[in-house]
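*Asks:*
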Amino acid sequence: MTLVSRFMFLMCFSLSGIRVLDGPLTDSMEAIAFNKHYQINDIYSCSWGPDDDGKTVDGPHQLGKAALQHGVIAGRKGFGSIFVVASGNGGQYDDNCNYDGYANSIYTVTIGAVNEAGEMPFYAEECASMLAVTFSSGDKQMRSIVTSDWDLQKGTGCTEGHTGTSAAAPIAAGMVALMLQVRPCLTWRDVQHIIVFTATKYEDHQAAWKTNGAGFNHSHQHGFGLLNAWRLTNAAKVWESVPYLASYVSPVLKENKNIPLVPHVLELSWNVTTADLLLSGMRTLEHVGVTVSITHPRRGNLQIQLFCPSGMSSLIGATRKLDADPNGFTEWTFSTVRCWGENAEGAYRILVTDVGEETLKRGVFQTWQLTLYGSSWTPEDVAERRRLVEESQGGQFLNDNFSLPCPPGLEISEQDSYTITNNTLRTLMLLGCFAVFWSLYYTVELYLSRISSSSDLDLSCEGSSCILSRRQGSSGPRQLEAGLETESLPLCGSNDVAVDYEEDEDNVGHVALYRHQPSTTQFRLMVENRPKPQNNAIFDLQDNEDTVRHDTRDGDTNLNEYG
1 MTLVSRFMFL MCFSLSGIRV LDGPLTDSME AIAFNKHYQI NDIYSCSWGP DDDGKTVDGP
61 HQLGKAALQH GVIAGRKGFG SIFVVASGNG GQYDDNCNYD GYANSIYTVT IGAVNEAGEM
121 PFYAEECASM LAVTFSSGDK QMRSIVTSDW DLQKGTGCTE GHTGTSAAAP IAAGMVALML
181 QVRPCLTWRD VQHIIVFTAT KYEDHQAAWK TNGAGFNHSH QHGFGLLNAW RLTNAAKVWE
241 SVPYLASYVS PVLKENKNIP LVPHVLELSW NVTTADLLLS GMRTLEHVGV TVSITHPRRG
301 NLQIQLFCPS GMSSLIGATR KLDADPNGFT EWTFSTVRCW GENAEGAYRI LVTDVGEETL
361 KRGVFQTWQL TLYGSSWTPE DVAERRRLVE ESQGGQFLND NFSLPCPPGL EISEQDSYTI
421 TNNTLRTLML LGCFAVFWSL YYTVELYLSR ISSSSDLDLS CEGSSCILSR RQGSSGPRQL
481 EAGLETESLP LCGSNDVAVD YEEDEDNVGH VALYRHQPST TQFRLMVENR PKPQNNAIFD
541 LQDNEDTVRH DTRDGDTNLN EYG
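Each residue of the sequence shown is one higher than the one before, starting from 1 at the first, in the UniProt record's numbering.
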C-alpha cells in the first residue's frame, strides 16, 4: 500500500509504504493499514485485492469495512481519506471487479487500465462500479510503465516493466494529490464527483459506452473514461463541496423463487417513492448497491442485471466460467455507479438468469435488499455543476490568484493501536475455550457436591425447620463447627430430631433435644437444660425412644444418633 502526503507547494509529495503483504494478513492488520496515520497521509493507493482467478468472491471483512468507513469520516481532518483501488487483473479469466469487495465499495475510487492505444488490455476486468481508467501496459509489443524500483543488489533504481492495474491505480492517486494541492478541503465524495464530471470518453469499439439519464457516459470496460490531470485540477480549483451523503435502504425482500435458464429471466422490482426519500432528503444518485442471497449449484452460471428508474442498465453480476462454487451468494453486495446523477425516485428492477445446463439443479433467489447513496442535489443542480466544470477548463482560474474559501478542517487525534497476529488470536481463542471449560467443570462440581451433601436428608417437604436436624437411621456423624449451631435445615419425617445448644452469660452450656411432631410444624421437647460437660467429655441425652450423643472435645459438636 502506498501513501501520499500532500504539501502546500507545487509538485512535491511525500510517499511512504505500509508493509502488509509480506506474510499472513489478518482483518485487524488490514484495518490498521487503512487508518495508518490518517491525519498525515491523505491518499491510500491499494494495488492489491482478492485473487483475480475468476472464481473468488471476497472483500474486506468486519474490521476492514469499519476502517474504510472510519477513514472517510475522520481521516484528513474530517474531509476523508482517499482510497484508490486497482480494479484487478483477472480479465483473461472472465473475472469482474464486482466480485471484489474493495473495488465495489462506495468508499473507494476504483481505477482500471487502458494500453497506450487507449484500448482495454487483455488482463483488465469489466465492472459496473469502476469510476475511471489510466494508462498502463498492454500486450508484449506495447510499452509498460516506467517507475522507481529497488532490488537487493542496487537498493534503488527504476524499472520499465511496471504493468497491470497495479500501475494504473498509483497514477490516479498522483492525480488526486494534484487536486488536493489545488484545493485541500475537497472531501472524499468531492473527489469522486470531480472524476465523474471530468473523465474523458474516447472512441473504443469494445467500450460499449452508454449515456445515463444525467448525461454522463459510462462503460463497463472504462468507467466514466480516461483521467486527465488538467481537467481534474481545473475543476478542483472552482469546486464547492457537495451536500451531505444521503442514503436509503429498502427492507429485506424475501423472494424464494427459482432462477430460470436463459433465455428466460427472473424479474424482480422495488419502487422507491418520494415518501421513502423524504427523511434522508435524497434527490439524485451516486452509488446503488444490491445485496443478494442466492443458492445455486454452480455460482458462475448466474447473470444479474440492475435497471435504474431511468432505464440505465448495469451488469452487476457477470458469468464466470471458472466459478464452480456450489454455495451461491450469502448477503453479497454488488454495486454500480452507472446511474450517477440520476433521479433516485422510481422503480428499480433486477433480472436474473442461469446460463448453465439443464442437468443442474435450479438455483433459488432467496432475498435481496436495495441500498441507494446520493445527495440532495436536484437533477438541475447536477446539470449546473457540469456547466461550471466545463467553463473552468480554460485554465483561467489556475493562472489567476482565484481561491474559494477553504475551511481548516477538524482536529482529530489518532488513537494508539497495535497489530494482532494470527498466533496471538489463536492464543486468545485457546485461553477463552479453557476458561469456558473450567467454568462448566466448576459449575458441575459445585452442583454435584451440593447433591451429595444433602443426600442423607429428606428435603421433599416444606415448612418444618429448626436449628439442626439429623434423620434417624442415617449413617455417619453430622459435623458442626463451633459458632455454626444456628444452621437451619428442613425436617420432614416423624423420626427427625433437633438439637439446640447455647451458652449463657456465665459460659454455662445448655442443651435441648426436640422431636418433630408428625403432620405438624411443632416439636416435642424431650430433654432440656442439661449443663455443658467439661472439655473432652461425652454425655448422652436420652428419652424413652432415642439416645443422642453430644461430644464437646476440641470445641466441636458431633451428633451421632442411635435407634
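Even glycine gets a Cβ: it sits at the ideal position worked out from N, Cα and C.
So, Thr56 versus Gly112, is the Cβ gap smaller than 8 Å?
*Replies:* Here residue 56 corresponds to residue number 56 of the sequence shown, with the count starting at 1. Here residue 112 corresponds to residue number 112 of the sequence shown, with the count starting at 1. No, they are not a contact pair.
*Asks:* Assuming Ser250 is part of the beta strand (DSSP E), what are its boundary residues?
*Replies:* For the purposes of this step, residue 250 is taken as the residue at position 250 of the sequence shown. Counting along the chain, Ser250 falls outside any beta strand (DSSP E), and DSSP gives it neither H nor E.
*Asks:* With which residues is residue 569 paired in a DSSP beta bridge?
*Replies:* Residue coverage of the chain in this structure runs from 1 to 563, which leaves residue 569 outside it and unanswerable.
*Asks:* So is Ala74 buried or exposed if we call it buried at 16+ other beta carbons inside 10 Å?
*Replies:* Position 74 of the sequence shown, counted from the start, is the residue given in the question as residue 74. Buried, because 16 or more other Cβ atoms sit within 10 Å of the Cβ of Ala74.
*Asks:* If you measure between the beta carbons of Glu267 and Arg349, is that distance less than 8 Å?
*Replies:* Taking the first residue of the sequence shown as 1, we reach residue 267 at position 267. Taking the first residue of the sequence shown as 1, we reach residue 349 at position 349. Yes. Within cutoff.
*Asks:* Taking the alpha carbon of Glu411 as the reference point, which residue from Met142, Leu186, Gly78 has its own alpha carbon closest?
*Replies:* The sequence position of residue 411 within the sequence shown is 411, counting from 1. Minimum Cα distance to Glu411 is reached at Gly78.
*Asks:* For the beta strand (DSSP E) containing Thr200, name the first residue and the last one.
*Replies:* Against the sequence shown, residue 200 aligns to sequence position 200. From DSSP, Thr200 is part of no beta strand (DSSP E); its letter is neither H nor E.
*Asks:* Taking Glu331 as the reference, give the member of Tyr99, Lys140, Ala347, Thr211 with the closest Cα.
*Replies:* Counting from one through the sequence shown, the residue named residue 331 turns up at place 331. That would be Tyr99, whose Cα lies nearest to the Cα of Glu331.
*Asks:* For chain D, find out if any of its Cβ atoms is closer than 8 Å to the Cβ of Leu431; answer yes or no.
*Replies:* Looking at the structure shown, chain D is missing, and only one protein chain is on hand.
*Asks:* Which residue wins for smallest C-alpha separation from Gln396, given the options Arg231, Ile304, Ser269?
*Replies:* Residue numbering aside, residue 396 sits at position 396 when the sequence shown is read from its first letter. Of the listed residues, the one whose Cα sits closest to Gln396 is Arg231.
*Asks:* Please name the residue in Val109, Cys339, Arg426, Pro326 whose C-alpha comes closest to that of Ser45.
*Replies:* Position 45 of the sequence shown, counted from the first residue, corresponds to residue 45. Among Val109, Cys339, Arg426, Pro326, the Cα nearest to that of Ser45 is on Val109.
*Asks:* So, helix, strand or coil for Trp188, using DSSP?
*Replies:* Along the sequence shown, one-based indexing puts residue 188 at 188. It is helical.
*Asks:* Got a sec? Which residues, its chain only, sit under 6 Å from Ser314 by beta carbon, not counting five neighbours each side?
*Replies:* Counted from its first residue, the sequence shown places residue 314 at position 314. Excluding positions up to five away in sequence, the list reads Ala128, Leu306, Thr336, Arg338.
*Asks:* Can you name the start and end residues of the alpha helix (DSSP H) that Val355 belongs to?
*Replies:* Taking the sequence shown and counting its residues from 1, one reaches residue 355 at position 355. Careful: Val355 lies outside any alpha helix (DSSP H) and carries neither H nor E.
*Asks:* What is the residue span of the alpha helix (DSSP H) that Asp151 lies within?
*Replies:* Walking along the sequence shown from the start, residue 151 turns up at place 151. Looking at the DSSP string, Asp151 is not in any alpha helix (DSSP H), and its letter there is neither H nor E.
*Asks:* Is the beta carbon of Ala173 closer than 8 Å to that of Val84?
*Replies:* On the sequence shown, residue 84 is found 84 positions in, with the first residue counted as 1. On the sequence shown, residue 173 is found 173 positions in, with the first residue counted as 1. Their beta carbons are under 8 Å apart, which means Val84 touches Ala173 by this criterion.
*Asks:* Exposed or buried, which one is Asn399 when buried takes at least 16 other CB atoms within 10 Å?
*Replies:* Along the sequence shown, read from residue 1 onward, the residue named residue 399 stands at position 399. Classification for Asn399: exposed.
*Asks:* Whole alpha helix (DSSP H) runs in the stretch 58 to 90 with 4 or more residues, listed along the chain?
*Replies:* Complete alpha helix (DSSP H) runs here, min 4: 62 to 74.
*Asks:* Does the stretch 317 to 333 come close enough to the stretch 276 to 296 to have 3 or more Cβ pairs within less than 8 Å?
*Replies:* The stretch 317 to 333 is in contact with the stretch 276 to 296.
*Asks:* For Gln305, which of helix, strand or coil comes out of DSSP?
*Replies:* Residue mapping note: residue 305 aligns to position 305 of the sequence shown, counting from 1. Correct three-state label for Gln305: strand.
*Asks:* To the nearest angstrom, report how far apart Asp52 and Tyr441 are at their CA atoms.
*Replies:* Locating residue 52 in the sequence shown gives position 52, counting from the first residue. Locating residue 441 in the sequence shown gives position 441, counting from the first residue. Cα to Cα, Asp52 sits roughly 48 Å from Tyr441.
*Asks:* Drop a sphere of 10 angstroms on the beta-carbon of Arg143, count the other beta-carbons inside from all chains shown, and report buried for 16 or more, exposed for fewer.
*Replies:* Translated into the one-based positions of the sequence shown, residue 143 becomes position 143. Answer is exposed; the Cβ neighbour count stays below 16.
*Asks:* Please report the straight-line C-alpha distance between Thr359 and Asn301, rounded to a whole angstrom.
*Replies:* In the sequence shown, residue 359 corresponds to position 359, counting from 1. In the sequence shown, residue 301 corresponds to position 301, counting from 1. Approximately 13 Å, taken between the alpha carbons.
*Asks:* Have a look at Val146 and Gly157 and give me their C-alpha separation to the nearest angstrom.
*Replies:* Here the question's residue 146 lines up with position 146 in the sequence shown. Here the question's residue 157 lines up with position 157 in the sequence shown. Near 11 Å, if we compare the C-alpha coordinates of Gly157 and Val146.
*Asks:* Taking the alpha-carbon of Trp340 as reference, which of Ile106, Gly64, Thr26, Tyr38 has the nearest alpha-carbon?
*Replies:* On the sequence shown, residue 340 is found 340 positions in, with the first residue counted as 1. Per the Cα distances, Ile106.
*Asks:* I'd like to confirm the pairing. Which residues does DSSP put opposite Cys46 in its beta bridges?
*Replies:* As a working mapping, residue 46 is identified with position 46 in the sequence shown. Paired residue(s): Val85.
*Asks:* By how many angstroms is the C-alpha of Ser439 removed from the C-alpha of Pro170?
*Replies:* In the sequence shown, the residue the question calls residue 170 occupies position 170. In the sequence shown, the residue the question calls residue 439 occupies position 439. Using only the alpha carbons, I get a separation of about 53 Å.
*Asks:* Please report how far the alpha carbon of Tyr244 lies from the alpha carbon of Trp188, in whole angstroms.
*Replies:* Working through the sequence shown from its first residue, we reach residue 244 at position 244. Working through the sequence shown from its first residue, we reach residue 188 at position 188. Their Cα atoms are separated by approximately 11 Å.
*Asks:* Should Ala235 and Ser392 be called a contact, given that it needs their Cβ atoms to be closer than 8 Å?
*Replies:* Indexing the sequence shown from 1 puts residue 235 at position 235. Indexing the sequence shown from 1 puts residue 392 at position 392. Cβ atoms of Ala235 and Ser392: closer than 8 Å.
*Asks:* Could you tell me the distance, in whole angstroms, from the CA atom of Asn96 to the CA atom of Ala124?
*Replies:* Position 96 of the sequence shown, counted from the first residue, corresponds to residue 96. Position 124 of the sequence shown, counted from the first residue, corresponds to residue 124. Whole-angstrom Cα-Cα distance: 9 Å.
*Asks:* In angstroms, rounded to a whole number, what distance separates the CA positions of Val265 and Gly138?
*Replies:* The residue you call residue 265 lines up with position 265 of the sequence shown. The residue you call residue 138 lines up with position 138 of the sequence shown. So the alpha carbons of these two residues sit roughly 37 Å apart.
*Asks:* Is it true that the CB of Gly346 sits closer than 8 Å to the CB of Val272?
*Replies:* If you number the sequence shown from 1, residue 272 lands on position 272. If you number the sequence shown from 1, residue 346 lands on position 346. In contact: Val272 and Gly346 (Cβ atoms closer than 8 Å).
*Asks:* Which whole-angstrom value describes the C-beta separation of Thr353 and Pro260, a residue pair presumed to lie in contact below a C-beta threshold of 8 Å?
*Replies:* One-based indexing of the sequence shown puts residue 353 at position 353. One-based indexing of the sequence shown puts residue 260 at position 260. Thr353 to Pro260, Cβ: 7 Å. Contact.
*Asks:* Exposed or buried, which one is Asn258 when buried takes at least 16 other CB atoms within 10 Å?
*Replies:* The residue labelled residue 258 in the question sits at position 258 within the sequence shown. Counting Cβ neighbours within 10 Å, Asn258 comes out exposed, since fewer than 16 surround it.
*Asks:* Looking only at its chain, what residues have a beta carbon closer than 6 Å to the beta carbon of Gly101, apart from the 5 residues adjacent to it on each side?
*Replies:* On the sequence shown, position 101 is the one that residue 101 refers to. These residues qualify, in order along the chain: Gly59, Pro60.
*Asks:* Just tell me which of Val191, Ala167, Trp150, Met130 has its CA closest to the CA of Ile82.
*Replies:* Reading the sequence shown from its first residue, position 82 is the one you call residue 82. Per the Cα distances, Val191.
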